[in-house]
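Student: Per full-length UniProt numbering, the very first residue in the sequence shown carries number 1; after that it's consecutive.
Before we start, here is the structure in question, set down as structure tokens.
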Amino acid sequence: MDPLFDNLVHYPVSFRMFRSSESRGVTDRSSEQSGNLDSSMAYEAPDENKDWSSCGPEHRTAAALFQAATHDSLMEASVCPAGERAVWTFDMDTDNHQIKRVQLKSVEFTIQLLPSKAPTVPLPRHFYGELAKTDDGCAILSQSGHVAELVASLKDPTAVPLEKRAALWTLGHIGGTNRGMDLLTSHADDLVECIVHMATSCDLLSLRGTSLFVLGLIARSSAGKRALSHAGW
């Protein structure tokens with residue numbers, strides 16, 4: 001038997017917590033073991049402790065503790081098992097560079113505090129729809145030429161359905177404000193009638209459904225309501 005671990009005593013652990021909101025009770029289970037230590041006796045922490053720290057007998061051999069001890073004194077040694085951030089500090093009773101007794105003094109570790117939920121960041125529903133809420137934004141949309149391109153894609157019989165749906169959603173968000181609706185009618189007087197026709201007569205049900213939702217977006221503005229009324233809706 002190894003005399004070092006015959007004299008190893010078991011003491012309660014004192015915690016030094018940093019930014020910690022909670023802690024788990026820890027006992028030095030390995031201090032109750034004795035005998036020769038080798039790689040075949042590597043300590044594996046129970047499942048309930050694996051998420052924060054573990055320190056087994058292989059970390060407290062005489063060679064490991066002397067290597068971790070301070071240069072000024074051999075009375076204290078701090079070890080940090082590989083892959084962990086926890087620092088285990090041991091008090092040592094030595095005699096002629098022989099360890100007589102070891103006691104666990106403290107375990108220092110950091111727990112990162114996370115908010116209970118992610119902060120709420122209000123995001124715009126649609127970039128073009130937000131631009132259409134201001135005169136400057138409408139000027140940017142008009143100068144970009146994107147509105148004309150979207151209207152052309154919507155009316156193009158050769159355009160793929162995905163392109164038409166993208167155009168519908170963008171035009172609907174723009175038409176959700178009076179400024180945006182005036183911008184749309186300046187590019188196509190029959191835009192609402194075109195969307196109504198797609199909602200009632202399109203062969204693809206996905207385009208019909210998208211058209212119905214877009215008509216609801218347009219109805220959010222008074223100018224859009226008037227245009228829908230003229231179209232019989």
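The beta carbon of each residue, even a glycine, is placed where N, CA and C say it ideally should be.
1) Who are the Cβ neighbours of Lys133 in its own chain at under 8 Å, not counting the five residues just before and after it?
2) I'd like the list of long-range same chain contacts for Ser40, defined as Cβ closer than 7 Å, with 5 residues on each side in sequence excluded.
3) What separation, rounded to the nearest whole angstrom, lies between the Cα atoms of Ala167 and Phe109?
4) Have a look at Arg101, Val79, Trp169, Lys117 and flag the residue whose alpha-carbon is nearest the alpha-carbon of Ser153.
5) Do Leu212 and Trp233 count as a contact pair if the criterion is CB distance below 8 Å?
6) Quick one: using the 10 Å Cβ neighbour count with 16 as the cut-off for buried, is Met75 buried or exposed?
7) Going by the DSSP bridge assignment, what does Ile99 pair with across the sheet?
8) Quick check on the DSSP output: the alpha helix (DSSP H) that includes Ala223 runs from which residue to which?
9) Classify Val121 as buried or exposed, calling it buried when 16 or more other Cβ atoms lie within 10 Å of its own Cβ.
10) Determine the extent of the beta strand (DSSP E) in which Val79 is found, giving its start and end residues.
11) Figure out for me which residue from Ala231, Gly172, Val102 has the closest Cα to the Cα of Asp93.
Tutor: Quick look at the numbers:
1) Thr177, Arg179, Gly180
2) Residue confidence for Ser40 is low, a pLDDT of 46 falling below 50, so the modelled location carries little weight; the figure read from the coordinates is stated next. Correct list: empty, nothing qualifies.
3) 55 Å
4) Trp169
5) no
6) exposed
7) Thr94
8) 222-230
9) exposed
10) 76-79
11) Val102
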